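A.B. asks: Mind looking over this structure? Questions follow.
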Amino acid sequence: MNEFISLDEKFNEIKDLINISIELGEEEELESQHISLINIDAEIDSLETKNIFLKNMI
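Structure representation (structure tokens):
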């Protein structure tokens, strides 16, 4: 009986570690997406600035 409890506890530990790994992966992906959004926003600002500059030249 103790063997089953020990195996069950170890299984739960492994399951917890897997869940933590998944959460960390999701967190990394969200951070990466956030950085991408910042870069896209900067690119849009740059294009808007160029557009305004070109309109003023005409």
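Just add 18 to the spot in the sequence shown (first one is 1) and you have our numbering.
Just so you know, even glycine gets a beta-carbon here, dropped at the ideal spot from N, CA and C.
Model, not experiment: these values are computed from the prediction.
Would you identify the three-state DSSP class for Ile58, choosing helix, strand or coil?
C.D. replies: helix
A.B. asks: Please report the distance separating the alpha-carbon of Gly43 from that of Met75.
C.D. replies: 48 Å
A.B. asks: Please return the same chain residues whose Cβ sits closer than 6 Å to the Cβ of His52, not counting the five positions on each side in sequence.
C.D. replies: none
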